[in-house]
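Heads up, the thing below is written out as structure tokens.
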Amino acid sequence: MTSTPSTPRTLVVEIVTEELPPRALKALSEAFAAGLVGHLREQGYLEAASEATPYATPRRLAVVVTQVRGIAPDAATTQKLMPAKIAFDAAGAPSAALAKKLAGLKRGALADGVSLAQLADSSASARSSASGASPDAHLYIESDGKADYVHLASVARGEPLARGLTEALDRTIGALPIPKTMSYARPGGYYNDVRFVRPAHRLVALHGGDVVPIEALGLAAGRTTDGHRYMGRRAIEVANADAWAPTLEAEGKVLPSFDTRRAEIVRELLHVAAGDRVIMPDALVDEVTSLVEWPTVAMGSFDREFLAVPHECLILTMQQNQRYFALTGGDGRLLHRFLLVANNAAADMSAIVRGNERVLRARLADAKFFFDQDRRRALASRVGALSGIVYHNRLGSQLERVERLRTIARAVAPVVGADIAHVDRAALLAKADLTTGMVGEFPELQGTMGRYYAGFDGEPAEVVDAVAQHYLPRYAGDALPTGPVAQVVALADRMELLAGMFGIGALPTGDKDPFGLRRAAIGVLRIVVEHHLALPLPALIAEAFAAFAGVAAVKPDPAALAGFMFERLRVHLRDQGYTANQVEAVLSLKPERIDAVQAQLAAVRTFETLPEAQALSAANKRIVNILRKGDAEAAPAIDRGRLAPGAEHDLWLAFERLAPIVERHCQSGNFTDALRALASVKPVVDRFFDDVLVMADDPAIRANRLALLRAVAATMNRVADLSWLAA
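The sequence shown maps to residues 41 to 767 in my numbering.
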């Protein structure tokens with residue numbers, strides 16, 4: 041059956057380019073597909089059942105969309121023109137203002153013979169008889185509640201796909217997350233007047249079997265695409281949109297789907313590994329997928345002597361420099377073999393493998409050289425060289441930083457129960473590997489190489505572990521340092537960073553955090569909370585700023601740093617599933633012992649399940665509001681003699697008995713029982729507010745009652761500010 045221009049058909053849009061940046065390819069592909077589909081849907085070209093599939097290879101971005109209309113549907117529109125008293129004269133005839141307005145809208149005929157009386161008549165027959173009315177446009181009058189206005193109702197005829205696709209493609213290209221654009225001349229041009237992520241060579245736009253006549257990036261659309269650079273045909277004619285992907289694969293030797301290509305790479309890696317474990321981080325698999333169009337996996341090897349180099353160095357060399365995949369055996373040890381992904385499917389891969397082995401050997405030889413050279417000096421002998429490495433131009437060198445780390449670590453160690461001598465030694469050596477050749481070549485190995493070198497030097501085990509683990513956690517969800525020495529040095533490292541940057545005003549702004557202060561704060565909070573370290577936050581902050589004594593550029597601001605850390609803690613706790621009100625109930629009290637916060641939150645959750653919880657929370661909110669206005673009038677202490685018998689005296693007596701019980705539970709960390717104990721005073725609290733006027737006319741009585749409420753609030757809010765839990 042012959043299709044009409046309005047028959048929904050498959051659409052393919054492809055931009056063939058020079059090699060795209062591999063680390064940006066996936067994001068570019070997703071943005072290209074989402075943008076193009078979104079704009080086409082917005083313009084009405086897509087059916088409800090339309091489906092889009094993104095495609096991306098090193099040399100192309102494409103999207104295939106099913107059920108795309110050749111012409112957008114007509115759209116009914118209304119436009120408010122002007123008040124009726126301006127649109128018509130006293131006789132009810134169209135005014136010059138209305139005629140001019142309609143002429144500007146290319147609807148001048150609607151003013152011919154139309155009258156105010158006709159438009160004011162709400163009947164359909166009257167409207168249809170108005171001179172100048174047409175099937176796709178008419179005038180009508182409608183009130184906005186204040187005045188009658190003339191409106192134009194019209195039908196906008198649907199635009200052909202070429203026009204809508206041109207707009208959609210231009211807008212999509214303009215919004216792509218391009219890391220860095222290039223300027224180049226269009227085909228046959230002489231000036232670099234086109235800007236894109238990489239020079240574009242072909243544009244394919246097919247709607248069914250028809251070329252959509254559009255232009256973009258200096259290219260006119262056609263049906264010709266390019267296959268694999270070495271294995272496939274060049275200048276492949278595509279019959280129709282549905283045939284685009286199968287044709288590219290069969291004739292071009294290109295797997296155009298990123299996901300399909302990635303899955304094929306993983307499958308082949310596991311197959312060629314033949315039971316050995318493949319070390320394949322997602323980022324590496326994605327990058328390799330972005331580098332090949334027709335992947336083939338092969339195995340190579342290197343000399344066993346290189347296995348004497350720490351395996352982290354070998355793996356990083358293979359991954360970062362060569363995009364190879366390392367292998368480990370059943371015992372977890374690194375093997376002297378590796379897997380490579382070639383953009384080729386030669387019958388004999390031996391030449392390709394040998395070439396890659398030669399390149400890798402040179403890389404591994406460099407790593408072994410750095411490792412052997414580094415070991416000739418003890419790690420401790422390198423500490424002095426840190427004076428030549430700038431930490432921050434306003435905070436001095438890395439050696440000066442190390443001295444501050446030692447100061448903070450020595451102050452924190454006794455509280456945590458860590459060996460002070462080991463803590464001091466670990467802090468001294470923590471940054472020494474920054475002066476080594478291996479870390480100079482691979483900055484990612486700082487800490488890791490320090491651990492190896494400290495171990496070779498015979499440093500105590502706790503010191504060796506702390507040199508590596510003081511960088512933990514490096515990212516969200518990362519492991520924490522395990523031993524007390526490592527925990528102390530990790531805390532000192534982050535607190536020195538936070539205090540220094542806050543002291544010089546180098547604070548995060550919006551989504552910019554160049555020094556990683558948010559990550560550092562979360563690291564401190566996780567270490568203290570998850571390891572249950574009894575470290576008061578104000579004391580920790582004070583010790584950090586004290587380490588900068590004598591650094592003129594640093595202006596201590598403990599309050600700002602504490603506020604920043606509490607804000608990070610709020611985010612962290614919300615991410616763990618606590619509600620905003622639960623978190624605020626605890627953190628609004630600015631607890632010094634943040635290691636107890638999670639226990640307090642657990643107690644709050646339990647408290648909320650009690651039948652008395654809502655009433656007590658509401659009463660507490662009432663108390664807080666009263667004290668917010670009248671606390672300044674409160675007496676310094678409760679005068680029992682001024683308490684009225686009955687509800688007022690009973691409230692005082694109940695909380696005199698309850699306060700030590702709540703405090704005892706809190707001191708033992710039993711916050712749940714502390715809050716449960718409050719349930720017993722609900723009747724007394726209710727009766728007090730029913731029978732007693734707090735803001736009495738007598739100033740002395742009023743001051744005494746405010747003092748009573750202050751004492752009640754202190755006990756009720758010992759674990760959390762319950763007013764945040766009120767509905």
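Glycine included, each C-beta is placed from N, C-alpha and C at the ideal position.
Buried or exposed: where does residue i fall if 16 or more other Cβ atoms within 10 Å of its Cβ makes it buried?
i	result
Asp343	exposed
Lys408	buried
Asn757	buried
Asn433	exposed
Leu693	exposed
Ser297	buried
Val195	exposed
Val752	buried
Pro524	buried
Are the beta-carbon atoms belonging to residue i and residue j less than 7 Å from one another?
i	j	result
Ala256	Gly75	no
Leu150	Leu121	no
Val626	Gln640	yes
Asp114	Arg203	no
Leu101	Ser69	yes
Ala449	Ala532	yes
Gly426	Leu439	Before going further, note that residue 426 is Leu rather than Gly in the sequence given. It is a contact, given that the beta carbons lie within the stated cut-off.
Arg514	Thr475	no
Considering only residues of the same chain and omitting the five flanking positions on each side of residue i, which have a CB-CB separation below 7 Å?
i	result
Ile634	Leu565, Val568, Val569, Leu577 and Leu609
Leu538	Leu557, Ala560, Ala561, Ala584 and Leu601
Tyr231	Ala225
Leu485	Glu352, Cys353, Leu356, Met478 and Val479
Lys768	No answer is possible for residue 768: it lies beyond the span of the chain, which begins at 41 and ends at 767.
Tyr85	Val108, Arg109, Ala112, Leu201 and Gly204
Using alpha carbons as the reference points, say which of the options lies closest to residue i.
i	options	result
Ser628	Ile544, Leu762, Arg704 and Leu520	Leu762
Thr50	Glu87, His79, Leu68 and Lys66	Glu87
Ile213	Leu243, Thr264 and Ala193	Leu243
Gly229	Pro239, Thr221 and Lys220	Pro239
Thr646	Leu374, Val325, Val759 and Leu749	Val759
Arg750	Val278, Arg668 and Arg682	Arg668
Gly185	Ala130, Pro123 and Lys146	Pro123
Thr264	Val56, Thr475, Gln707 and Ala532	Val56
Val237	Ala64, Thr118 and Gly249	Ala64
Gly262	Ala281, Tyr270 and Met271	Ala281
Ile319	Ala139, Ala574 and Phe378	Phe378
Gly681	Arg745, Arg401 and His79	Arg745
Gly490	Leu419, Arg662 and Leu138	Leu419
Gly543	Asp518, His247 and Ala582	Ala582
Val252	Arg211, Pro217, Val53 and Ala275	Val53
Met271	Lys293, Thr447 and Thr488	Lys293
Val349	Leu142, Tyr492, Val525 and Thr93	Tyr492
Ala131	Lys146, Val154, Val306 and His268	Val154
Would you kindly work out how many angstroms separate the C-alpha atoms of residue i and residue j, rounded to a whole number?
i	j	result
Val734	Ala561	44 Å
Ala170	Asp176	Annotation note: pLDDT 46 at Ala170 (below 50); position unreliable, no value reported.
Pro651	His705	21 Å
Leu295	Phe346	36 Å
Val503	Gly550	38 Å
Thr522	Ala470	16 Å
His689	Glu648	28 Å
Ala636	Ala458	20 Å
Ala653	Val456	36 Å
Arg317	Asn361	21 Å
Ala714	Gln638	15 Å
Val234	Leu209	15 Å
Ala719	Leu573	31 Å
Gln707	Leu575	15 Å
Just to confirm my understanding: we take residue i, look at its own chain, exclude 5 residues before and 5 after, and list those with CB closer than 6 Å. What are they?
i	result
Thr206	Ile254
Ala453	Ile460, Val463 and Val528
Asn396	Gly340 and Leu380
Phe728	Ala687 and Leu691
Glu91	Thr106
Please report whether the beta-carbon of residue i lies at a distance below 7 Å from any beta-carbon of chain B.
i	result
Val644	The chain inventory of the structure shown lacks chain B, comprising one protein chain alone.
Could you pull out every residue in the same chain whose Cβ sits closer than 8 Å to the Cβ of residue i, ignoring the five residues on either side in sequence?
i	result
Asp726	Ala655 and Ala659
Glu199	Gln83, Ile111 and Ala112
Ala717	Leu698, Ile701, Val702 and His705
Pro500	His462 and Arg465
Glu59	Pro98, Arg99 and Arg238
Leu683	His689, Trp692, Asn744 and Leu748
Closer than 6 Å to a non-hydrogen atom of the ligand GDP - does that hold for the CB of residue i?
i	result
Arg465	Of ligands this structure carries none, so the ligand GDP is not represented either.
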